[in-house]
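Okay, structure first, notes after.
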Amino acid sequence: MKTVYREDLFADRVAIVTGGATGIGLAIAEALLMLGCDVVIASRNRKRLLTSARGLSEDYGREVLPFTCNIRKRPEIDALMDATLGRFGKLDFVINNGGGQFMAPAAQIREKGWNAVIETNLSGTFQMCQAAHACFMRDHGGRIVNIVADMWRGFPSMVHTGAARAAVVNMTKTLAIEWAKDGVLINCVAPGTILSTGMHNYPPEVPEAAARVIPLKRLGTVEEIADSVLYFLSPAGSFTTGATLRVDGGGSLWGDGFQIPDRPDTGAGPIPPWPEQRWPQHVPDE
Ligand code: ADE
-9 MKTVYREDLF
1 ADRVAIVTGG
11 ATGIGLAIAE
21 ALLMLGCDVV
31 IASRNRKRLL
41 TSARGLSEDY
51 GREVLPFTCN
61 IRKRPEIDAL
71 MDATLGRFGK
81 LDFVINNGGG
91 QFMAPAAQIR
101 EKGWNAVIET
111 NLSGTFQMCQ
121 AAHACFMRDH
131 GGRIVNIVAD
141 MWRGFPSMVH
151 TGAARAAVVN
161 MTKTLAIEWA
171 KDGVLINCVA
181 PGTILSTGMH
191 NYPPEVPEAA
201 ARVIPLKRLG
211 TVEEIADSVL
221 YFLSPAGSFT
231 TGATLRVDGG
241 GSLWGDGFQI
251 PDRPDTGAGP
261 IPPWPEQRWP
271 QHVPDE
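With my numbering applied, the sequence shown corresponds to residues -9 to 276, in that order.
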């Protein structure tokens, strides 16, 4: 992995990356290490976490702290903050990348599945922000980046994560305003379709179908997402807060891989037009 940033840019900085053991989170952790940052990677899966932390430590010659944490549980988040401050004495950056979802039509999502996605992607992200603010950033400032998604035109097949990510975008604006006084800058990165470990959760035709409707005609890379996160953490991002950067090759501006389903052939005929008579046009007074 190469970087366009100065190699000691984040010397003496400390970052937490959730979901830091795989995919986009791992690329973000790696990009930070490359710039001299101390990194804590957090995730639920201890085995993957230990393997990734060991690999990163070996590659960059610096201890990477793995911390098992379910962001749906506030006591575990508080323990993550304590461990970070205990080991490194400060917390400059939080990258909220940990999250999860599954593909399902809205009509088939059960209450438990809905709640799980909202609790992880929305509530977990909020709890991370609040805990980081309370334990260190309120008194010392800091930067937070929330990783969201390309849900701008609705998110068919993943209504739960679309709703949660859109809420995170709005939450980010609120926190940017409330915590500006504390020197906390908080922004979002909204990746489009990215070639990463998460891709195997989707049907095999997804990557090619997605690339066809992205103006840049390809999927993004995890390194491209990591670089955009670095922008928000770097001095270049010092006047940007409450913003969301779409890193999607223009995908959110154009076509969609989702096929709008046809109306089932129940014999009821096409969707009737709304009767015009019920809403008479307003005729302005002469
Ligand atoms: N990544 C996906 N789900 C997570 C969770 N609940 N906690 C931390 N990282 C996660």
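The beta-carbon is built from N, C-alpha and C at its ideal position, and this holds for glycine as well.
For the pair Ile85 and Ile18, the CB atoms are nearer than the 8 Å cut-off.
Of all C-beta pairs linking the stretch 249 to 258 to the stretch 217 to 236, fewer than three are shorter than 8 Å, placing the two stretches out of contact. A distance criterion of 7 Å places the beta-carbon of Cys27 beyond contact range of ligand 1, judged by its closest non-hydrogen atom.
In the three-state scheme derived from DSSP, where H, G and I count as helix and E and B as strand, Phe0 is classed as coil.
Residue environment for Arg77: exposed (fewer than 16 other C-beta atoms within 10 angstroms of its C-beta).
For Gly132, the uninterrupted beta strand (DSSP E) segment begins and ends at 132 to 137. Straight-line spacing of the CA atoms in Leu22 and Arg3 works out to 9 Å. Just so you know, the alpha carbons of Gly257 and Ala97 end up roughly 22 Å apart. As summarised for the stretch -3 to 80, the continuous alpha helix (DSSP H) elements at least 4 residues long and confined to that stretch are 13 to 24, 36 to 50, 64 to 78, given in chain order.
With respect to the 8 Å criterion, Thr183 and Gly210 are classified as neighbours on the basis of their beta carbons.
Contact annotation: the stretch 193 to 201 does not touch the stretch 155 to 170, with fewer than three C-beta pairs closer than 8 Å.
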